[in-house]
Amino acid sequence: MNGTLALWYDKRDQGTKVTREAQRVLGLEQNGEVHPELELHFNLWRDFTNSLETNFLDIGMRFRTPLEQVKQFYLYVPRPISIAQLSDLSDILKFGQTLDAVFNSVIEPGKQGDRHFKTSEFGRDFTTIHSVEFGPDSDVKVEEFRNDDGSTGTLIIFTEQLCERIRAQQAEDCVNSYIRFRLSLSGPSAELFSQEVTMGNYFDTSRVGQLELTEFRLNERRSFPIKIAKLSQNTQFNVRQIHYFLIRSLRHELKMQHKSFRKVRRLEGNLWLHYLLGDKLHGDKGAKKKKAYKDIADQMVIYHWRDDAKGDDSIDDFVAFASFRTGINRLWAFLVMAIFLGIFASWASSTLPDIPDIPFGKFIPFIESFEVVPSLEFRVPGWVSILVVLLISAGVIWKAWKAISGPTSFLQRLCSRACACLSKNRKSK
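Per our numbering, residue 567 is the first one in the sequence shown, and the count goes up by one each step.
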């Protein structure tokens, strides 16, 4: 990841005074700034088929204390993104066992309010989930952010309108509040958290490795652009807990991580069905989407990293790095090539007998002047010459194509899709 996500807020002076007064009355005075407590959830989904569109980052924010001192808050993304890439997930959380999957507990939806609904755990209030609208004049808006080094990022602004609505609900009953939304990784942001590197050479080995470096950074100050460092100074949340989930296919072998994950488990397909498909379960293509999901859900693994604040200190930053490798078997390609060459050679020898032989000695007459080689008038069949020329041309074209298209070329993606379709058809039979 080139850069880091950054999260901070603008102060609301009245809210700070109210919070200070409440602490004084309760005997909880503290030195320094008072920051609202926050728990963060990140789910990075990778490796599903293009038809399921699952290259995205889901972000959950759980506010443990009132937002009295928060005017509005910001999430900086070091890539250009559009408002169309953001979507609210509150409605999806109402279906099936989605709440259980997200919070890793038995959570039940409760009373529905104005753009929020309550949840409970074992009969006790758990959290209030708020819906979020994305758009120029709504809860969340997006602005392009130009950095001093010329790079372009994006500010996701959670407006005062949203904060006021959450505060109003917090004042009524349950302080614990939660929002969850999705950032689709497409266009310039497609490789925001990952980079692919091809290991090996197509012609030198029968197995080419694809190495993917996946890195997630949050509030890493040394990676802050200068403007972001100034804007976020002294106004960061008191982050108490961070959960980071990376969902990958079993085809990708974990090679290295910067620190040990808390746990790893297979994806529970039934738990995440409504969460991933949502409205796609309905309509003419709903059955096909559901079948495609079930075919691959059992092949997914969830890696879980977790960080907890120590004492009263906040989690200043969070970094999770992992590298994965997948091997692409090329033996079938060599076999097909050998069969093709055999067929071509047989055809050429039977249909091109009249092509004149090439006297190679004529092309290097200076060698004939040596006594050791008095004559070099050996001849090569014409069809062999044509075959050699064709092979050399094919090799040059392939190398040029690889250089232009990079490690993940169109041809490689086409072959990968073809193999996936063949595997799917075999399973359906």
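We treat Cβ as the ideally placed atom computed from N, Cα and C, and that holds for glycine.
- A distance below 9 Å separates the beta carbons of P646 and G753.
- Take the alpha-carbon of I881 and the one of F759: they are about 21 Å apart.
- Comparing C-alpha distances from G716 to each of D705, I792 and K876 shows the shortest one belongs to I792.
- Between N785 and F884, the beta carbon gap of about 7 Å places them in contact (Cβ cut-off 8 Å).
- The three-state secondary structure of I881, taken from DSSP, is coil.
- Between the alpha carbons of D624 and F747 lies a gap of roughly 6 Å.
- Note on geometry: alpha-carbon atoms of I794 and D739 lie some 35 Å from one another.
- Of the residues Y810, K876 and L957, the one whose Cα lies closest to the Cα of W611 is Y810.
- Boundaries of the beta strand (DSSP E) around Q823: E819 to Q823.
- At a Cβ-Cβ threshold of 9 Å, F700 and F782 do not count as neighbours.
- When DSSP states are grouped into helix, strand and coil, I868 belongs to the strand group.
- The criterion of a C-beta distance shorter than 9 Å is not satisfied by I658 and Y859.
- Taking each of W574, M822, F683 and E834 in turn and checking the Cα distance to Q635, the smallest one comes out for W574.
- As the crow flies, the alpha-carbon of T892 is around 5 Å from that of Q776.
- A straight line joining the alpha-carbon of R578 with that of A863 spans about 45 Å.
- In the three-state reduction of the DSSP assignment, R630 falls in the coil class.
- By DSSP's assignment, R806 forms no beta bridge with any residue.
- Counting every other CB atom within 10 Å of its CB across the protein chains shown gives R806 a total of 16 or more, marking it as buried.
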